[in-house]
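In terms of the UniProt record's numbering, the sequence shown has 283 at position 283, counting the first letter as 1, and numbering is strictly consecutive.
The structure under discussion appears below in the form of structure tokens.
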Amino acid sequence: MIGAFGFGMLADRYGRKLVLFFSLVLYDVASLVTSVSPNYAFFLVVRFFAGIAQMGIWGCLNSLVSEFMIPKYRNIAMTIPLFFASIGLMIMAGLAFLIRDWRYLQLAITAPVVVATFGVWFLPESLRWLISNNKTKEANLLIERLAKINGKDVPTDIYQQDDVIKTKHISTVSGDTFPLNRYNNNQEQNNKTLPDDVIFNETHLEGGVKGETGQAVLETDIKNSEKSNENFEGANKDVVKNTYLDLFKPPVLHVTIVIIILRFTVSVVYFGFALSTGRLSGDPYLNFFYSALVEIPAKILSPFLYNWFRRTYIVSFCTFMCFAVLTTMAFIPAETKNGADLGTLTVVLALMGKFFVSLTIVGLLLLTMELFPTPMRNMGNGLTLCVGRIGAILAPFMLYADNFVEDFSAILMAVLSLTTAVSILTLPDTRSTPQPQTTEDLRQIMNSSKRKKSEKKGQDNEAYDSNSDSI
């Protein structure tokens with residue numbers, strides 16, 4: 001909880017890569033020292049620091065991955081780490097069965113993290129973070145590197161242009177194409193029009209800019225740079241002033257409240273199912289293994305479902321299904337009137353709930369990374385992670401309360417799930433939108449989601465060629 005709050009702010013100020021590396025080193029040291037703890041008090045202290053580091057790793061990794069991805073690939077890129085996390089849980093169940101000495105088990109699960117620490121230096125810093133913090137030299141070098149990797153040409157005059165135009169060039173060297181009109185949801189129409197109130201960093205449709213069409217896009221950007229620069233300068237002034245208090249100012253306030261509700265619910269429900277495996281009938285090691293295994297199909301389906309449907313619709317459906325499963329579990333007796341044991345049915349329902357909450361986690365991460373503006377993205381993620389850790393802390397006490405109030409945990413998790421299923425529908429669709437660079441970008445995304453797509457039209461796009469095959 002403390003790590004999510006503290007490292008979130010540090011990552012927004014000093015960079016994702018640096019804070020990620022520091023978090024990994026802290027986790028490595030704390031975890032290795034844990035294995036030689038002389039007493040329980042010492043164990044608690046070093047585990048405290050390991051927990052702080054873990055939240056720093058999780059938050060920075062999500063930001064780095066999401067900020068380098070265009071909308072087309074962001075979904076699957078965010079899912080891959082979660083997929084391997086589920087694989088890790090399955091492996092841990094096997095290790096726990098084979099290695100009964102907890103000290104050796106601690107060393108075994110720390111070894112992969114130590115290896116990963118050395119790999120961080122091969123990762124580049126977030127380009128969005130570099131630009132939002134006026135790291136012009138580093139951003140230019142990274143743009144050249146990205147252009148070379150993607151086989152794109154960097155415009156010769158990019159170093160004389162303002163930062164807004166440089167950021168728009170990022171989409172060109174990254175393999176994107178035309179700016180997406182936020183007021184239109186039709187690909188053909190988006191090719192023909194540009195929104196008349198675009199300020200900064202519009203989304204681009206997948207594909208590659210080719211020939212004269214790409215040049216026309218750049219020329220259009222340059223012509224409109226004066227207005228963009230005025231707004232961007234105002235945004236730059238806000239960068240150094242951003243604090244956690246800015247997360248509670250419109251339009252970010254709406255996002256903060258809904259994501260907090262979602263994060264708290266997901267943490268309570270996820271850990272509620274995970275910690276209850278030992279209380280289910282059957283072997284506890286196998287139940288834990290099955291609990292991790294059921295996450296795999298959820299992670300495999302996620303890239304498809306979250307691309308085919310609105311993120312908010314999928315999250316709402318999954319949390320509603322958690323509500324249905326938990327409500328059913330609350331009213332199922334331990335056995336029938338004829339004495340038939342219903343323990344297997346309870347296990348199946350618990351695994352179904354774990355599947356749906358695992359599917360929800362992907363949507364949670366996507367919405368968090370796609371709605372918080374860049375200068376406060378890690379702070380927003382850190383704050384919601386902090387609230388999520390509170391839910392994780394409360395989960396075992398919630399299960400303990402079942403000893404005094406029958407099915408208390410199932411009923412509480414069901415109520416939270418239903419509340420989340422309704423509140424998440426107030427957020428906009430982010431499948432094809434850029435990550436907001438400023439609060440003004442977020443306001444445009446929030447406002448455009450309230451309008452009918454068919455009624456939104458932009459001004460003529462000089463870059464559009466109806467005969468072009470570049471899309």
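Note that beta-carbon positions come from the ideal geometry of N, C-alpha and C, so glycine has one too.
Limits of the unbroken alpha helix (DSSP H) element including residue i
i: Ser423; result: 408 to 423
i: Pro375; result: It is not in any alpha helix (DSSP H) - Pro375 carries neither H nor E in the DSSP assignment.
i: Tyr244; result: Premise fails: Tyr244 is in no alpha helix (DSSP H) and is neither H nor E.
i: Ala274; result: 252 to 275
i: Ile296; result: 295 to 308
i: residue 472; result: Because the chain is modelled from 1 through 471, residue 472 falls outside the range shown and cannot be assessed.
i: Leu105; result: 102 to 119
i: Val405; result: First-last for Val405: undefined, no H or E at that position.
i: Met90; result: 71 to 98
i: Ile332; result: Element bounds for Ile332: n/a, residue is neither H nor E.
i: Gly151; result: Careful: Gly151 lies outside any alpha helix (DSSP H) and carries neither H nor E.
i: Asp429; result: From DSSP, Asp429 is part of no alpha helix (DSSP H); its letter is neither H nor E.
i: Leu123; result: Premise fails: Leu123 is in no alpha helix (DSSP H) and is neither H nor E.
i: Gln444; result: 439 to 448
i: Gly339; result: Where Gly339 is concerned, there is no enclosing alpha helix (DSSP H), given that its DSSP letter is neither H nor E.
i: Lys135; result: Segment: none, Lys135 is in no alpha helix (DSSP H) and carries neither H nor E.
Other residues of its chain near residue i: CB distance less than 7 Å, five sequence neighbours each side excluded
i: Ala274; result: Ser291
i: Leu425; result: Thr312, Ser316
i: Thr384; result: Ile259, Ile260, Arg263, Thr368
i: Ala298; result: Phe355, Ser358, Leu359
i: Gly59; result: Ala4, Phe7, Gly8, Ala11, Asn378, Asn381, Gly382, Leu385
i: Ala108; result: Leu95, Ile99
i: Phe43; result: Thr34, Ser37
i: Gly51; result: Gly3
Residue i vs residue j beta-carbon contact at 8 Å
i: Met329; j: Leu349; result: yes
i: Thr420; j: Thr277; result: no
i: Gly3; j: Ala77; result: no
i: Glu295; j: Lys354; result: yes
i: Phe323; j: Ser417; result: yes
i: Ser66; j: Arg16; result: no
i: Trp129; j: Thr374; result: yes
i: Leu20; j: Ile57; result: yes
i: Val387; j: Met352; result: no
i: Thr110; j: Val362; result: no
i: Met446; j: Leu247; result: no
Same chain, Cβ closer than 6 Å to residue i, five either side skipped, listed in chain order
i: Lys237; result: A caution first: Lys237 carries a pLDDT of 48, below 50, which makes its placement in the model unreliable, though a value can still be read off. Result list for Lys237: empty, nothing under 6 Å.
i: Asp407; result: Ala330
i: Pro81; result: none
i: Val255; result: Leu371
i: Met321; result: Phe356
i: Gln435; result: Glu370
i: Tyr73; result: none
i: Gln106; result: Thr34, Ser35
Closer than 7 Å: residue i CB and nearest the ligand FAD heavy atom
i: Phe21; result: Of the ligands one can find in the structure shown there are none, so the ligand FAD has no counterpart to examine.
Backbone CA spacing between residue i and residue j [nearest angstrom]
i: Asn39; j: Arg47; result: 12 Å
i: Ile393; j: Met1; result: 9 Å
i: Phe288; j: Thr346; result: 14 Å
i: Ser171; j: Leu127; result: Here the model assigns Ser171 a pLDDT of 49, short of 50, so the residue's position is not dependable, and the following value carries that caveat. Cα-Cα distance, rounded: 11 Å.
i: Leu371; j: Leu253; result: 11 Å
i: Thr136; j: Met413; result: 48 Å
i: Tyr104; j: Leu366; result: 36 Å
i: Val25; j: Asn133; result: 25 Å
i: Gly339; j: Leu98; result: 36 Å
i: Leu364; j: Thr430; result: 12 Å
i: Arg310; j: Val113; result: 34 Å
i: Val61; j: Asp341; result: Reading the sequence as shown, one finds Leu at residue 61 and not Val. Distance between the alpha carbons of Leu61 and Asp341 is about 45 Å.
i: Thr439; j: Pro251; result: 7 Å
i: Ile314; j: Ala41; result: 44 Å
i: Thr344; j: Asn403; result: 21 Å
i: Leu123; j: Ala116; result: 11 Å
i: Met55; j: Met69; result: 22 Å
i: Asn140; j: Glu125; result: 12 Å
i: Asp441; j: Val45; result: 43 Å
i: Trp121; j: Ile257; result: 35 Å
i: Gly119; j: Phe22; result: 13 Å
i: Asn27; j: Trp102; result: Contrary to the premise, residue 27 reads as Tyr rather than Asn in this sequence. For Tyr27 and Trp102, the distance between alpha carbons rounds to 17 Å.
i: Leu286; j: Phe49; result: 30 Å
Beta-carbon proximity list for residue i, same chain, < 8 Å, skipping 5 on both sides
i: Val268; result: Gly391, Ala392, Leu394, Ala395, Met398, Leu412, Met413, Leu416
i: Arg389; result: Met1, Ala4, Met55, Ser267
_Validate contact between the segment 25 to 38 and the segment 334 to 344 using beta carbons, cut 8 Å, 3 pairs_ = no
_Inter-stretch contact (C-beta, 8 Å, three-pair minimum) for the segment 304 to 312 and the segment 91 to 104_ = no
_Stretch-stretch touch, CB-based, cutoff 8 Å, three pairs: the segment 145 to 155 with the segment 77 to 87_ = The way I'd put it, the segment 145 to 155 doesn't touch the segment 77 to 87; fewer than three beta-carbon pairs between them come closer than 8 Å.
*How do the segment 408 to 415 and the segment 386 to 400 stand: do at least 3 beta-carbon pairs fall below 8 Å, yes or no?*
Flag = yes, the segment 408 to 415 and the segment 386 to 400 touch.
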